[in-house]
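Have a look at the structure below, then the notes.
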Ligand SMILES: NC(=O)C1=CN([C@@H]2O[C@H](COP(=O)(O)OP(=O)(O)OC[C@H]3O[C@@H](n4cnc5c(N)ncnc54)[C@H](OP(=O)(O)O)[C@@H]3O)[C@@H](O)[C@H]2O)C=CC1
Ligand SMILES: CC(C)(CO)C(=O)C(=O)O
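Numbering (the UniProt record's numbering), first residue to last: 1 to 319.
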């Protein structure tokens, strides 16, 4: 089989290394990367340091390239770029997909499926989400610090009968934990509640997940944002459990104290793009559309804009 990892940063690099390690002789594994990260992978392969630091996996893909022009039509495409690169990546994927290609998007966000389908009308796209704390430590090196690393995967609304047996076999044999879910939007929204609230608070206050847990005021703010996201899910009739805010908040304890959210990491790098659209702006848009009062979300949204304006001197308009 031909398997492409489109984006081999924190998330794609983690799963790409596990699949390549298992299947290097059986399947063709391709990586799409760019810049110094791509150059390092082409010279020395990709190295994955797993949580705890004891296990190190080094792999060499069949090909690492920055253009789909060098790739054949693929059977499976694991898509892990940031939200701001999604549109271009989706248009590129259209060039290496046919009607049988399975696309597994591992981005954070509640409308990733729709964003992809806007530009891709072939293949099977499986809505999904994952809990993992991972990043590019230096070019060619991925460091996974924490998280359950479990992927929740659901059916493509366009092909509700389709069961991705080959993909699930590959994940299982690569020792990747997953669950195949009838209503995956329960997991996607639960994950979103977690990452949007922690993402906004960690990035605005420059605190790690552990530091938020240790601070009663910031914990309270994070839970309030989660509670407002819960109001959105109720209006959308997403059947989350009645203790979802407490449960989501407690998930943070599974991450090492010093874990930063991926949103926070981007915000810390001067001039780098970030996924504020997926987190802050999507929440404000949804609140307005559904006529939901969300004062704590509005507070952190404005505070984030204010602090990033102070840091960069740029002016951004509130929604
Ligand atoms: N990191 C984490 O712990 C988690 C992240 N997520 C979500 O997963 C998604 C991916 O995040 P993450 O892995 O951290 O992101 P990263 O920035 O670490 O990885 C994405 C990689 O894709 C590359 N890329 C993007 N577009 C292209 C392109 N057209 N051609 C070649 N390379 C490309 C980027 O290059 P460049 O660096 O040059 O931009 C980058 O190396 C996000 O939605 C994030 O919110 C979900 C769970 C956990
Ligand atoms: C919070 C975390 C690490 C949980 O998976 C995450 O999804 C992110 O940082 O994007």
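Glycine included, every Cβ here is placed at the ideal spot set by N, Cα and C.
Going by Cα to Cα distance, which pick from the options is closest to residue i?
i: residue 84; options: 117, 255, 144 and 276; result: 276
i: residue 151; options: 78, 158, 214 and 137; result: 78
i: residue 300; options: 157, 54, 203 and 24; result: 203
i: residue 61; options: 208, 213, 205 and 44; result: 44
i: residue 283; options: 205, 192 and 220; result: 192
i: residue 17; options: 285, 34, 176 and 205; result: 176
i: residue 162; options: 116, 124, 298 and 110; result: 124
i: residue 253; options: 170, 298 and 219; result: 219
i: residue 74; options: 5, 52, 195 and 57; result: 5
i: residue 33; options: 1, 165, 159 and 64; result: 64
i: residue 251; options: 190, 290, 216 and 224; result: 190
i: residue 290; options: 237, 263, 279 and 308; result: 237
i: residue 195; options: 307, 245, 184 and 3; result: 245
i: residue 159; options: 173, 174, 169 and 122; result: 122
i: residue 70; options: 2, 303, 15 and 306; result: 2
i: residue 111; options: 306, 222, 311 and 279; result: 279
i: residue 57; options: 268, 303, 265 and 174; result: 174
i: residue 187; options: 164, 241 and 235; result: 241
i: residue 288; options: 274, 30 and 235; result: 235
i: residue 52; options: 28, 180, 165 and 255; result: 255
i: residue 72; options: 215, 30 and 7; result: 30
Please report the Cβ distance between residue i and residue j, rounded to the nearest whole angstrom; I am assuming they are in contact, meaning their Cβ atoms lie under 8 Å.
i: residue 320; j: residue 140; result: Because the chain is modelled from 1 through 319, residue 320 falls outside the range shown and cannot be assessed.
i: residue 9; j: residue 80; result: 7 Å
i: residue 87; j: residue 119; result: 6 Å
i: residue 13; j: residue 136; result: 7 Å
i: residue 171; j: residue 102; result: Rounded, the Cβ-Cβ distance is 11 Å, inconsistent with contact.
i: residue 226; j: residue 206; result: Actually they are not in contact, since the Cβ atoms of residue 226 and residue 206 sit about 20 Å apart, beyond 8 Å.
i: residue 144; j: residue 82; result: At roughly 17 Å, the Cβ-Cβ gap does not stay under 8 Å, so residue 144 and residue 82 are not in contact.
i: residue 178; j: residue 153; result: 6 Å
i: residue 134; j: residue 19; result: The Cβ separation is near 15 Å, so there is no contact.
Does the pairing of the segment 86-106 with the segment 117-133 give three or more beta-carbon distances under 8 Å? Taking 8 Å as the limit for Cβ pairs, the verdict is that the segment 117-133 does touch the segment 86-106.
Cβ pair count under 8 Å reaching 3, the segment 191-202 against the segment 34-44: Output reads no: the segment 34-44 does not touch the segment 191-202.
Entirely enclosed alpha helix (DSSP H) segments - the segment 75-128, minimum 4 residues: DSSP runs (the alpha helix (DSSP H)) wholly in the segment 75-128: 86-93 and 112-117.
Does the segment 287-299 touch the segment 223-243, meaning 3 or more C-beta pairs lie closer than 8 Å? With a cut-off of 8 Å, the segment 287-299 and the segment 223-243 count as touching, because enough Cβ pairs lie within range.
May I have all residues whose beta carbon comes closer than 6 Å to any heavy atom of ligand 2, sorted in chain order? Listed along the chain, these residues meet the criterion: 108, 131, 132, 133, 147, 195, 198, 261 and 262.
Meets three-Cβ-pair contact criterion under 8 Å: the segment 249-260 and the segment 203-220: Yes, the segment 249-260 touches the segment 203-220.
How do the segment 89-99 and the segment 16-23 stand: do at least 3 beta-carbon pairs fall below 8 Å, yes or no? With the cut-off at 8 Å, the segment 89-99 and the segment 16-23 do not touch.
Hey, which unbroken runs of the alpha helix (DSSP H) at 4 residues or more fall wholly within the segment 135-216? Runs of the alpha helix (DSSP H) inside the segment 135-216: 165-173, 185-205 and 209-213.
Runs of 4 residues minimum, wholly inside the segment 2-56: which ones carry the alpha helix (DSSP H) assignment? As far as the segment 2-56 is concerned, its whole alpha helix (DSSP H) runs of at least 4 residues are 10-23 and 35-44.
Could you name each continuous beta strand (DSSP E) segment of 3 residues or more that falls completely within the segment 251-316, going from the start of the chain to the end? For the segment 251-316, not a single whole beta strand (DSSP E) run of length 3 or above is found.
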